[in-house]
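Colleague: Quick one: the structure is below, and I'll ask about it shortly.
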Amino acid sequence: MKDRSSQDASRAPRTDWHSLPTEEVARRLDTGPSGLSENEARARLQRYGANRLAPPKTRSPLMRLLAQFHNILLYVMLASSVITALLEHWVDAAVLLAAAVINAVIGFIQEGKAEAALDAIRGMLSTQATVIRDGSRRQIDAAELVPGDRVLLASGDRVPADLRLLTVRELRVEEAALTGESLPVEKHIEAVAASAPLGDRYDMAYSGTLVVYGQATGLVVGTGSDTELGQINRLLTDIRQLATPLLRQVDRFGRVLAFVILAVCALTFALGTLWRGHGAEDMFLMVVALAAAAIPEGLPAIMTVTLALGVQRMAQRNAIIRRLPAVETLGSVTVICSDKTGTLTRNEMTVQRVVCAAHRFEVGGVGYAPVGDCTLDGRIIDPDHYPSLALAIRIGVLCNDARLHERDGHWQVDGDPTEGALLVLGGKVGFTQHIADAAWPRLDSIPFESQHRFMASQHRDSDGACWLFVKGAPERLMEMCDHQLGDSGAQPLDADYWRRMATDIAARGLRLLALACKRAEPASGHLQASDMHGGFGLVALVGIIDPPREEAIAAVNECHRAGIQVKMITGDHAETARAIGAQLDIGHGSAAITGAEVALMEDAELRRVVRDVDVFARASPEHKLRLVEALQASGEVVAMTGDGVNDAPALKRADVGVAMGLKGTEAAKEAAAMVLTDDNFATIAAAVREGRAVYDNLKKFVLFSLPTNGGEALVVIAAILFELALPMTPAQVLWVNLVTSSTLGLALAFEPAERGIMTRPPRPPSEPLLSGFFAWRVVMVSLLMMIGALGVFLWEMQRSGDVQTARTLAVNAVVMAEIFYLVSSRSIFASVLNRRGLTANPYVLLSIAACLPLQLAFTHAPAMQALFGSVDLTLLQWLQALAAGLLVLLVAELEKLVIRRTSLGRRLGQRPNAADR
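Here the UniProt record's numbering is used: position 546 in the sequence shown is 546, and no number is missing along the way.
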């Protein structure tokens, strides 16, 4: 098969098939009523390629593994390992190399798991197509479709390619995935203007859209990347993927830390060789020890593990993370841009309002489940007591071609969703389709067609009388009505009243339907259009809407409490978008801005407008992309949710894209960093909470690891400056960092979320990983650890002069200090000297339990003594190491107490009464 890119380059410019008559389309595609022959279809398949979107480019396993080493701190470690090996210090070199490799392997394995999860989601889509080939009807894999194929469509089919419609029988297509339009679009075969926007090309059916009613025949005019889906997919390739806030912060932090480490190492080397007169090789080993002490080589691994734990917790909440940092990025978002249809709403049309001549009724319940009450002025009423309402419900159920049924505990509609909403209304009051058909059998009908904008049906009641029921556009039915039917019978038609009610319903963002009837026999015995010219009585106006998800309303409110703006960007009509936004508390009912208005704005004006407007309607993929970019240019961290192909470019450009797994298109899933397997917007709020907890835990780990590394580094620097024996060898330093620090620090990845985490404002995107206060904390604890370790080292050197015993004691003093500081690090400001602080995270206790045997083995196991130069310690010496650790805990907790009880605590956002968690 040809390479897709070469095919694209060789193809002619795109044809405006929607502007051509059907005969001309068939002539250009060289096809007839019998369809293509199998030989011709095979030839065209070779020419045009398979009818599928090109798979995303993936890196080879080797490249994914090598990418894990792309970290400046690891570069320093690898260089140190190479130079140390050249000096034939094999143990030190091996330990340095092992630290770098372990970090890379952990990241490689976790990224592979995430890719496998996404591959499983891609496999959810599988499409078949019914075609005419060689004059016979057959079913084929949609990937085998080629331009010129004659495709048959029926209700429930997903359109397999871009089609120019040839014949149409009451065809309605749901195009929400492509255009964002929540209502099905009525199709015809007449050509439209070449300049018609996508949503107005009524003679076309586009790949990925869904037939909800009727049948049609169409010619394939575009497959694969030549479809509208493919055009959007190509747009994605031009979008640069942004680094996440965490990766940007860690990158900046790593570069600054590496520069500081190298500068200190170079200065120390110069001082040792030029001032103190030490040999270059000896000083280099000391500098290696200093670098090993200063580099938090556990940070990449712990960051990966912490994010991986977040991925696992999100998977349990029906979210699959494609890229690890997406978990943390959600925790830092300041704006969530959401699609409307199917994301914030149920994508299930629901009757909310019924207006009769004398009363205006509200209808409760959402979706297709027939559960809800009719209310009047806030009171639940019995529709049988209001004849006009009961008649309106009867008309809606009987003049209807849809079917409502329950399957696996879920209610579903076969047919037009608007008609389904009328059936649900009947079910809510006990007037089901089965009862209606038995009591009022249908005798004849006129199907809905766009030219006359109504559907009519003929029925006979239990008394044998004939009735004509009709539903359709209000303005059309008012032409057919000469009176209205109230609770007391026929009345003169009050046209002004009905127009006011229609305007009021439309202002609420509801779709309007009018219901009317007359008691009469068809003039010819068969129902015809001539029977619909007059004599009808207008019964009611019905307002129908795709309602918001209840859980989405709660999730939006939670996001607002967390200081996150929620903006709705949809392809639907402005009034509908505004009304849905008001129900979700998005935009507060203010006017929506349309995509056409966005297109006229300069970038600077758009950046100003996008901050103040929360609802954007009739937005194309280009408009959505511009809105996301405008928000990012204003310094916002943007999450974009959506399920349609039209959302894919914005999903990819956003800081984190969130696609829907059930109703989402393949292009949307591939563009997103996270996929929700339950299509539930409420999962976003849970992801934000999880992301904030992940960032907190990463910050706690940095605050834990840097002082431990800093303390070890200060010990080495002090030894060089004061011409002391090195208190710890490079191998011993790496033992502490890789084995004990990483083992202990890993427990912080399991730390539960702080109380009130969803009442904080989002952290500024420019906020550094370590603030000035945190730098003070690092310096303070580093000095405490240095004092403890260097103190016991000098004590032992003065007492016995045995450097191996002194070094072993210093290493154990550092480890004890780390153990006690780990307990304190569970909270940055709150006290841990209570039962909850000591026991709430069992992984802290488990990590300490795992660390102590390792340290006992380091001290007393002969093999470890031979490898690291350690020796046995006495009970008194162990108590000295323990005292060094207690010093760190007590001073750190005292510092927290001072912060909580002074103005400094208020400046840092810590209330005095928030000390105890």
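We put the CB at the ideal spot given by N, CA and C, even for glycine.
Could you tell me which residues DSSP puts in a beta bridge with Arg407?
Modeller: For the purposes of this step, residue 407 is taken as the residue at position 407 of the sequence shown. The partner list for Arg407 (beta bridge, DSSP) reads His410.
Colleague: Could you tell me which uninterrupted alpha helix (DSSP H) segments, each at least 4 residues in length, are contained entirely in the stretch 727–759, listed from first to last along the chain?
Modeller: Qualifying alpha helix (DSSP H) stretches, in chain order: 730–734, 742–746.
Colleague: Thinking Leu584 and Ala619 are a contact (beta carbons under 8 Å), I'd like their distance in whole angstroms, please.
Modeller: Taking the sequence shown and counting its residues from 1, one reaches residue 584 at position 584. Taking the sequence shown and counting its residues from 1, one reaches residue 619 at position 619. No, Leu584 and Ala619 are not in contact; Cβ-Cβ is about 17 Å, not under 8 Å.
Colleague: Using DSSP with H/G/I as helix, E/B as strand and the rest coil, what is Phe284?
Modeller: Position 284 of the sequence shown holds residue 284. DSSP places Phe284 in helix when its eight states are reduced to three.
Colleague: Taking the alpha-carbon positions, what's the Pro547 to Asp603 distance?
Modeller: The sequence position of residue 547 within the sequence shown is 547, counting from 1. The sequence position of residue 603 within the sequence shown is 603, counting from 1. Rounded to whole angstroms, Pro547 to Asp603 spans 33 Å at the Cα level.
Colleague: Rounded to the nearest angstrom, what separates His588 and His573 at their Cα positions?
Modeller: By one-based count along the sequence shown, residue 588 stands at place 588. By one-based count along the sequence shown, residue 573 stands at place 573. Their Cα atoms are separated by approximately 17 Å.
Colleague: Rounded to a whole number of angstroms, what is the C-alpha to C-alpha distance between Leu698 and Phe773?
Modeller: As a working note, residue 698 is residue 698 in the sequence shown. As a working note, residue 773 is residue 773 in the sequence shown. Their backbone Cα atoms lie some 17 Å apart in a straight line.
Colleague: Can you say whether Ser34 is buried or exposed, counting buried as having 16 or more other CB atoms within 10 angstroms of its CB?
Modeller: In the sequence shown, counting from the first residue as 1, residue 34 sits at position 34. Flag for Ser34 reads exposed.
Colleague: Would you decide whether Asp30 is buried or exposed? Buried here means 16 or more other CB atoms lie within 10 Å of its CB.
Modeller: Taking the sequence shown and counting its residues from 1, the one referred to as residue 30 is at position 30. Exposed, because fewer than 16 other Cβ atoms sit within 10 Å of the Cβ of Asp30.
Colleague: Let me check one thing: in DSSP terms, what residues is Tyr213 bridge-paired to?
Modeller: Numbered from its first residue, the sequence shown carries residue 213 at position 213. Partner(s): Arg172.
Colleague: Quick check on this structure: which residue in Leu541, Pro752, Val675, Arg689 has the alpha carbon closest to the alpha carbon of Thr759?
Modeller: Here residue 759 corresponds to residue number 759 of the sequence shown, with the count starting at 1. Comparing Cα-Cα distances from Thr759 to each of Leu541, Pro752, Val675, Arg689, the minimum goes to Arg689.
Colleague: Residues bridged to Met640 by DSSP?
Modeller: Taking the first residue of the sequence shown as 1, we reach residue 640 at position 640. Note: Met640 sits in a beta bridge opposite Cys337, Gly657.
Colleague: Are the stretch 711–730 and the stretch 845–863 in contact at 8 Å, needing three or more beta carbon pairs?
Modeller: Judged by Cβ distances under 8 Å, the stretch 711–730 makes no contact with the stretch 845–863, as fewer than three pairs qualify.
Colleague: Can you tell me which of the three DSSP states Asp679 falls into?
Modeller: Sequence index remark: in the sequence shown, residue 679 carries index 679 (1-based). Coil.
Colleague: Under DSSP, the beta strand (DSSP E) around Glu144 begins and ends at which residues?
Modeller: Indexing the sequence shown from 1 puts residue 144 at position 144. First-last for Glu144: undefined, no H or E at that position.
Colleague: Which one of Ala529, Leu897, Gly642, Ala562 has the shortest CA to CA distance from residue 981?
Modeller: A query on residue 981 cannot be resolved here, the shown segment of the chain reaching from 1 to 917 and no further.
Colleague: For my contact list, Arg653 and Val613 are in at a C-beta cut-off of 8 Å; report their separation, rounded to the angstrom.
Modeller: By 1-based counting over the sequence shown, the position of residue 653 is 653. By 1-based counting over the sequence shown, the position of residue 613 is 613. With a Cβ gap of about 19 Å, Arg653 and Val613 do not count as contacting.
Colleague: Can you give me the C-alpha to C-alpha distance between residue 958 and Ile393, rounded to a whole angstrom?
Modeller: For the chain, the structure presents residues 1 to 917; residue 958 sits outside this window and is missing.
Colleague: In the DSSP assignment, find the unbroken alpha helix (DSSP H) run with Gly427 in it and report its ends.
Modeller: Position 427 of the sequence shown holds residue 427. 417–428 is the span of the alpha helix (DSSP H), which, as asked, contains Gly427.
Colleague: Kindly list the residues whose CB is nearer than 7 Å to the CB of Ala120, restricted to its own chain and excluding five residues on each side of it in sequence; keep chain order.
Modeller: Counting from one through the sequence shown, the residue named residue 120 turns up at place 120. Note that Ala120 scores 39 on pLDDT, short of 50, meaning its location in the model is unreliable and no value can be drawn from it.
Colleague: Sort Ala840, Gly534, Leu515 by Cα distance to Val542 and report the nearest one.
Modeller: Sequence index remark: in the sequence shown, residue 542 carries index 542 (1-based). The candidate whose alpha carbon is nearest that of Val542 is Leu515.
Colleague: Excluding the 5 residues preceding and the 5 following Ser445 in the sequence, name in chain order all residues of the same chain whose CB lies nearer than 6 Å to its CB.
Modeller: As a working mapping, residue 445 is identified with position 445 in the sequence shown. Closer than 6 Å at the Cβ level, and outside the excluded window around Ser445, lie Ser457.
Colleague: Taking the alpha helix (DSSP H) that Ala888 falls in, what are its first and last residues?
Modeller: Here residue 888 is taken as the residue at index 888 of the sequence shown, counted from 1. Looking at the sequence provided, one finds Val at residue 888 rather than Ala. Residues 875–900.
Colleague: Taking 9 Å as the threshold (C-beta atoms), are Leu784 and Ile819 in contact?
Modeller: Walking along the sequence shown from the start, residue 819 turns up at place 819. Walking along the sequence shown from the start, residue 784 turns up at place 784. For Ile819 and Leu784, no; Cβs fall outside 9 Å.
Colleague: Only counting the same chain, and skipping five residues up and downstream in sequence, which positions put a Cβ closer than 6 Å to that of residue 987?
Modeller: Within the shown structure, residues of the chain are numbered from 1 to 917, placing residue 987 beyond reach of any answer.
Colleague: Give me whichever residues DSSP pairs with Phe361 in a beta bridge.
Modeller: Residue numbering aside, residue 361 sits at position 361 when the sequence shown is read from its first letter. BP columns for Phe361 point to Val354.
Colleague: Looking only at its own chain, which residues have a Cβ that is under 6 Å from the Cβ of Val211, when we skip the five neighbours before and after it?
Modeller: Counted from its first residue, the sequence shown places residue 211 at position 211. Closer than 6 Å at the Cβ level, and outside the excluded window around Val211, lie Leu153, Ser155, Asp157, Val173.
Colleague: How is Ile848 classed by DSSP in three states: helix, strand or coil?
Modeller: Start at 1 with the first residue of the sequence shown, and residue 848 comes out as number 848. Helix at Ile848.
Colleague: Can you find the residues in the same chain that come closer than 6 Å, C-beta to C-beta, to Phe469, ignoring five residues on each side of it along the sequence?
Modeller: Sequence index remark: in the sequence shown, residue 469 carries index 469 (1-based). Here the set comprises Ile395, Leu398, Cys399, Ser457, Cys517.
Colleague: Which residues bound the beta strand (DSSP E) around Cys374?
Modeller: Counting from one through the sequence shown, the residue named residue 374 turns up at place 374. Per DSSP, Cys374 belongs to the beta strand (DSSP E) from 374–376.
Colleague: For Gly123, count neighbouring C-beta atoms within 10 Å of its own C-beta (all shown protein chains included) and say buried if the count is 16 or more, exposed if not.
Modeller: Looking up residue 123 in the sequence shown gives position 123. Caution applies to Gly123, whose pLDDT of 39 falls short of 50 and renders its modelled position unreliable; the value that the coordinates give is listed next. Counting Cβ neighbours within 10 Å, Gly123 comes out exposed, since fewer than 16 surround it.
Colleague: Could you tell me whether the Cβ atoms of Phe681 and Arg549 are closer together than 9 Å?
Modeller: To locate residue 681, count along the sequence shown from 1; it is residue 681. To locate residue 549, count along the sequence shown from 1; it is residue 549. Yes; because the gap between Cβ atoms is below 9 Å, this pair is in contact.
Colleague: For His18 and Val151, I'd like the C-alpha separation in whole angstroms.
Modeller: Within the sequence shown, the letter at position 18 stands for residue 18. Within the sequence shown, the letter at position 151 stands for residue 151. Computed Cα separation, rounded: 17 Å.
Colleague: If we cut at 9 Å on Cβ distances, does Ile593 have a partner in chain D?
Modeller: The structure shown has no chain D; it contains just one protein chain.
Colleague: Measure the Cβ-Cβ separation of Ala719 and Gly788 and say whether it is below 9 Å.
Modeller: Along the sequence shown, read from residue 1 onward, the residue named residue 719 stands at position 719. Along the sequence shown, read from residue 1 onward, the residue named residue 788 stands at position 788. In this structure, Gly788 does not lie closer than 9 Å to Ala719 by Cβ.
Colleague: Find out if the Cβ-Cβ distance for the pair Val610, Leu631 is shorter than 9 Å.
Modeller: On the sequence shown, residue 610 is found 610 positions in, with the first residue counted as 1. On the sequence shown, residue 631 is found 631 positions in, with the first residue counted as 1. Yes; because the gap between Cβ atoms is below 9 Å, this pair is in contact.
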